[in-house]
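As numbered in the numbering used here, residues 946 to 1475 make up the sequence shown, in order. C-beta atoms are modelled at their ideal positions from N, C-alpha and C, and glycine is treated no differently.
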Amino acid sequence: MLTAQNLIMGYRRKRIIVCLLVALLTLLLTFGLRFISQRSLNQQRIDAYAQHAVESLDKVLIPVAGKRHELTSLVGQPCENVHLPMRKLAAALQTLRSIALVKSGVLYCSSVFGDRDVILSERQPGLPDPAAKLLLAVDQSLIKGSPILIQWYPASADGEDGVLLSINIHLLSSLLLEPQAPLIKRVIVSVGRQYYSDSQGVSEQLRLADDEQIVTRSSELFPFAISVSTPGATALALADLPAQAPLAVILSLLLAAVSWIATAGRVSFTREIVLGMHKREFELYCQPQLDTRTQQCNGVEILLRWNNPRLGWISPEVFIPVAERENLIAPLTRYVIAETVRQLHYFPRSPHFHIGINVASSHFLQGALLRDVNQYWFAAHPQQQLVLELTERDNLQGVDYRLVRELHRKGVRLAIDDFGTGSSALSWLEQLRPDILKIDKSFTNAIGTDAVNSTVTDIIIALGQRLNIELVAEGVETPQQAHYLRLHGVHFLQGYLYARPMPVAEFPRWLAGGSPPPKAHNGHPLPVIL
Ligand code: C2E
Ligand code: CA
Ligand code: CA
946 MLTAQNLIMG YRRKRIIVCL LVALLTLLLT FGLRFISQRS LNQQRIDAYA
996 QHAVESLDKV LIPVAGKRHE LTSLVGQPCE NVHLPMRKLA AALQTLRSIA
1046 LVKSGVLYCS SVFGDRDVIL SERQPGLPDP AAKLLLAVDQ SLIKGSPILI
1096 QWYPASADGE DGVLLSINIH LLSSLLLEPQ APLIKRVIVS VGRQYYSDSQ
1146 GVSEQLRLAD DEQIVTRSSE LFPFAISVST PGATALALAD LPAQAPLAVI
1196 LSLLLAAVSW IATAGRVSFT REIVLGMHKR EFELYCQPQL DTRTQQCNGV
1246 EILLRWNNPR LGWISPEVFI PVAERENLIA PLTRYVIAET VRQLHYFPRS
1296 PHFHIGINVA SSHFLQGALL RDVNQYWFAA HPQQQLVLEL TERDNLQGVD
1346 YRLVRELHRK GVRLAIDDFG TGSSALSWLE QLRPDILKID KSFTNAIGTD
1396 AVNSTVTDII IALGQRLNIE LVAEGVETPQ QAHYLRLHGV HFLQGYLYAR
1446 PMPVAEFPRW LAGGSPPPKA HNGHPLPVIL
């Protein structure tokens, strides 16, 4: 038999597992949610940064573009005449390094150097050009080798005349396109097939490290794009996770503590049941059954009573459902069978005297009830007849009828308890072939008072008689009920009219016709509901 200690340990283990699972789940959930929200936040920030960088460079180029016509109108005029206005303009557009005028492909005037005589195509391949152009280049005149962004505006249809504007991209990138570690590692400006980044300068190729991801946004106003290199929203969110550990740990410990407290109540009651069995706090009562034809008691039903020293008297209506829910009903039934066997000497030693024991349908699973009956009942070779009472409110469909047959074969009789209260179809009657139907006390109670239910009582009686199943009426309290039942052919009666449930040890005195058993036990009215 499963010992009480084993069961207690089992429950404690279950409780610990539940709390650990809660803690683990909270930990995973906190990390998971944190990771998801951080990743989407990172992605938003990266996108916003790239967009902002594009807008910053747009803002630099818009005023330059605004001066296009003013500047192209200067082309062709002598340098000494336009040099001063050009310098003023360059100074006004602060990001401009220089303005140069080109006539017939020759750069003839610069805002920095004044008169010049440089063939533009030699200095800047791809220029002059009939179309406006934006180029990345390396400065060849003022600060040699430094990166510049060139804006070319043609002033003639053949494109040989025009204005060349040099923008200090290096200064711009350090002011406006500053990377933001760890989110943004590098900012790359791309114009056509050329790239500029602080670390690589101007190049034709974009070299990427393995752990770099690129997010690109193009300008809608000018032909350039900004690419930002980032370790990636996911990698950054992962790197951020350890920082969340203290919060996640505190939260999971908190919820684990809450579930420890929440499971305490339930577990402690089941523990009480286990302890009660261990300390033999459960007492066996019996209620006689009468055969009205002989006026003899032909058997008893065993009913459990629990006087818990800490909680007081607890009704079976309270602890039996808890025991069923917590898988304690089989150990409890084992306890009842073993205790009944221990007290068998209180009952008549006759095969015509039956002892009814209540069982739960779940106890039939995997043949457990058959094993227990063999081990605890038949091993003691009792003379009395064993009746197993199975309530109709249980799921009788789940009861393996082969096990029932096996019990039948061994001489055990099967009674369906509380007959008429279940909601199932009656098809199981055919399969289980019970020996006895116990008419529920609500139907007995209805006799003479409740027309509908007493009709049901008649139907149940007719059904039992039709199927040739023995009928027992429960809860018989009045002579009128007994008379009615007898008249309708129900001869086995059980109820307060004959005897209230009594401690097994008092049964011989009752049977001998001595004083009736007390209606209270140790001063406690029975049963007491918790
Ligand atoms: P049950 O099997 O239907 O037991 C009959 C119940 O009706 C008992 O209540 C009994 O005291 C009560 N009773 C008997 N005669 C009368 C009467 O004339 N009038 C009224 N009003 N009631 C009467 P009890 O002992 O409180 O048990 C309640 C239920 O608890 C039982 O209903 C049974 O389902 C369950 N139970 C009790 N002992 C055990 C047990 O050892 N094992 C299992 N599995 N269930 C048990
Ligand atoms: Ca019963
Ligand atoms: Ca009953």
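| Query | Result |
| --- | --- |
| Neighbourhood of ligand 2 [Cβ distance below 6 Å to any heavy atom], ordered by chain position | Glu1246, Asn1303, Glu1334 and Asp1362 |
| Contact test: Lys1355 Cβ vs ligand 3 heavy atom, cutoff 7 Å | no |
| Arg1477, buried or exposed, once every other Cβ within 10 Å from all chains shown has been counted against 16 | Since the first residue shown for the chain is 946 and the last is 1475, residue 1477 is missing from the structure and cannot be characterised. |
| Alpha-carbon spacing of Thr948 relative to Trp1258, whole angstroms | Any answer about Thr948 is weak, because its pLDDT of 42 lies below 50 and its placement is not dependable; what the coordinates show is given next. Going by the C-alpha atoms only, they are around 24 Å apart. |
| Closer than 7 Å: Gly1257 CB and nearest ligand 1 heavy atom | no |
| heavy atom of ligand 1 below 7 Å from Glu1284 C-beta | no |
| CB of Val1108 within 8 Å of CB of Ile1044, strictly | yes |
| With 16 other Cβ atoms within 10 Å as the buried cut-off, status of Lys1464 | Annotation note: pLDDT 47 at Lys1464 (below 50); position unreliable, coordinate value reported separately. Exposed, by the Cβ-count rule. |
| Residue range of the alpha helix (DSSP H) that includes Leu1065 | Leu1065 to Arg1068 |
| Given Gln1342 as reference, the closest of Ile1247, Arg1225, Leu1374 and Glu1025 once Cα atoms are compared | Leu1374 |
| Nearest residue (CA-CA) to Asp1155, options Leu1359, Pro1176, Val1009 and Leu1183 | Pro1176 |
| Spatial distance of Ala1305 from Val1344 (CA atoms) | 10 Å |
| Distance between Ala1450 and Val1385 (C-alpha atoms, nearest Å) | Note that residue 1385 corresponds to Asp in the displayed sequence, not to Val. Cα-Cα distance, rounded: 27 Å. |
| 8 Å Cβ cutoff met for Arg1152 and Gln996 | no |
| DSSP state of Leu1352 mapped onto helix, strand, coil | helix |
| Whole-number beta carbon distance between Leu1034 and Lys1012, since they are thought to touch under 8 Å | 6 Å |
| Proximity test, Thr1336 beta-carbon vs ligand 1 heavy atom, cut-off 7 Å | yes |
| Contact test: Tyr1441 Cβ vs ligand 1 heavy atom, cutoff 7 Å | yes |
| Of the residues Arg958, Val1417, Ile991 and Glu1067, the one placed nearest Ala1180, counting alpha carbons only | Ile991 |
| Lys1386 CB to nearest heavy atom of ligand 1 below 7 Å | yes |
| Euclidean distance between Cα positions of Pro1462 and Arg1287 | Its pLDDT being 48, under 50, Pro1462 is placed unreliably by the model, and nothing is read from it. |
| Touch test, the stretch 1405-1416 against the stretch 1433-1440, Cβ-Cβ under 8 Å, three pairs minimum | yes |
| Proximal residues to Pro1168 (C-beta, below 6 Å), its chain only, five neighbours per side dropped | Leu1079 |
| Helix, strand or coil at Arg1255 [DSSP, three-state] | coil |
| Proximity test, Ile1265 beta-carbon vs ligand 1 heavy atom, cut-off 7 Å | yes |
| Outcome for Pro1446 when other beta-carbon atoms lying within 10 angstroms are tallied against a minimum of 16 | buried |
| Own chain partners of Pro1073 with C-beta closer than 8 Å, once the 5 adjacent residues on each side are dropped | Val1047, Gly1050, Leu1065, Ser1066, Trp1097, Pro1099, Gly1104, Glu1105, Asp1106 and Gly1107 |
| For Pro1448, the residue or residues it bridges with in DSSP | Tyr1230 |
| Length of the line joining the Cα atoms of Tyr1230 and Thr1208 | 32 Å |
| Segment limits, beta strand (DSSP E) that includes Lys1383 | Ile1381 to Ile1384 |
| Outcome for Asp1060 when other beta-carbon atoms lying within 10 angstroms are tallied against a minimum of 16 | exposed |
| Pro1261 - containing beta strand (DSSP E), residue span | Element bounds for Pro1261: not the beta strand (DSSP E) but the alpha helix (DSSP H), Pro1261 to Arg1270. |
| Spatial distance of Leu1348 from Leu1196 (CA atoms) | 50 Å |
| Nearest neighbour of Pro1276, chosen from Leu1220, Asp1363, Gln1330 and Ile1300 [CA to CA] | Leu1220 |
| Cβ-heavy atom distance, Ser1260 to ligand 1, below 7 Å | yes |
| Neighbourhood of Ser1307 by C-beta, 7 Å cutoff - its chain only, sequence neighbours within 5 removed | Glu1269 and Ile1274 |
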